[in-house]
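Trainee: Can you read through this structure? Questions will come right after.
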Amino acid sequence: MYSGKRGKSGSKKPLAKAKWVEFGKDEVEKLVVKLAHDKMQSAQIGLALRDQYGIPSVRNATEKKVSQILAENKLAPKIPEDLFNLLKSAVKLHGHMEKNRKDFHSKHGLELLESKIRRLVKYYVREEKLSEGWKYDAERAKLIVQTGG
Numbered sequence: 248m249y250s251g252k253r254g255k256s257g258s259k260k261p262l263a264k265a266k267w268v269e270f271g272k273d274e275v276e277k278l279v280v281k282l283a284h285d286k287m288q289s290a291q292i293g294l295a296l297r298d299q300y301g302i303p304s305v306r307n308a309t310e311k312k313v314s315q316i317l318a319e320n321k322l323a324p325k326i327p328e329d330l331f332n333l334l335k336s337a338v339k340l341h342g343h344m345e346k347n348r349k350d351f352h353s354k355h356g357l358e359l360l361e362s363k364i365r366r367l368v369k370y371y372v373r374e375e376k377l378s379e380g381w382k383y384d385a386e387r388a389k390l391i392v393q394t395g396g
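So for the sequence shown, my numbering puts the first residue at 248; every next one is plus one.
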């Protein structure tokens, strides 16, 4: 929303038929569950499967997303991971702002980050992934990040 609208670089999805190492659906799901027990987020699980196990795409291998596999095994986080990562950034920026009160560039960045969090919360409440009365608060975010979600 606030970017320069210039960049096109980024990762590309592997070909649909690309398989580097042969794994069955059940084996891939067991690996996802094992890595989730090691306190990895779904993005980290995807990277680990790609780099360590040679599975370029969990969705191509199992026809399910990593988050769906975690939800089926009751390992999905209470707060969606993208929102949790934004909350971590906000808590870190709040700590920076307490030490550096005159850093107006960071203050503006914090305002943009908090508005992004509020928009995302509104979406997740509408999609019923968060409870109806869920509101963003800096102190509450600090507690959520300390407890790990």
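Glycine residues also receive a C-beta, built at the ideal position from the N, C-alpha and C atoms. A quick note: this is a predicted structure, and the numbers were derived from the prediction, not measured.
Nearest by alpha-carbon distance to residue 344: which of 269, 358, 333 is it?
Mentor: 358
Trainee: Looking at the structure shown, is residue 270 part of a helix, part of a strand, or coil, going by DSSP?
Mentor: In the three-state DSSP reduction, residue 270 falls in the coil class, being neither helix nor strand.
Trainee: Of the residues 384, 372, 378, 348, which one's Cα is nearest the Cα of residue 361?
Mentor: 384
Trainee: In whole angstroms, what separates the C-alpha of residue 282 from that of residue 324?
Mentor: 14 angstroms
Trainee: Pair every Cβ in the stretch 301–309 with every Cβ in the stretch 255–274, then say whether three or more of these pairs are closer than 8 angstroms.
Mentor: Yes, the stretch 301–309 touches the stretch 255–274.
Trainee: Report the CB separation of residue 351 from residue 396 in whole angstroms; it is logged as a contact under 8 angstroms.
Mentor: Taking the Cβ atoms as the reference, residue 351 lies roughly 31 angstroms from residue 396, outside the contact range of under 8 angstroms.
Trainee: Could you give the residue range of the alpha helix (DSSP H) that holds residue 379?
Mentor: From DSSP, residue 379 is part of no alpha helix (DSSP H); its letter is neither H nor E.
Trainee: Would you kindly check if the distance between the Cβ of residue 367 and the Cβ of residue 333 is under 9 angstroms?
Mentor: yes
Trainee: Count the other C-beta atoms from every protein chain shown that fall within 10 angstroms of the C-beta of residue 289, then say buried if there are 16 or more, exposed otherwise.
Mentor: buried
Trainee: Return the CA-CA distance between residue 321 and residue 348, expressed in angstroms with no decimal places.
Mentor: 42 angstroms
Trainee: Taking residue 393 as the reference, give the member of 363, 319, 335 with the closest Cα.
Mentor: For the residues 363, 319, 335, the minimum Cα distance to residue 393 belongs to 335.
Trainee: By Cβ distance, which residues of its chain are closer than 6 angstroms to residue 316, with the 5 residues on each side in sequence left out?
Mentor: 276, 279
Trainee: Considering residue 358, what are the terminal residues of the alpha helix (DSSP H) in which it resides?
Mentor: 351–373
Trainee: Between which two residues does the alpha helix (DSSP H) containing residue 307 stretch?
Mentor: For residue 307, the uninterrupted alpha helix (DSSP H) run begins and ends at 305–309, by DSSP.
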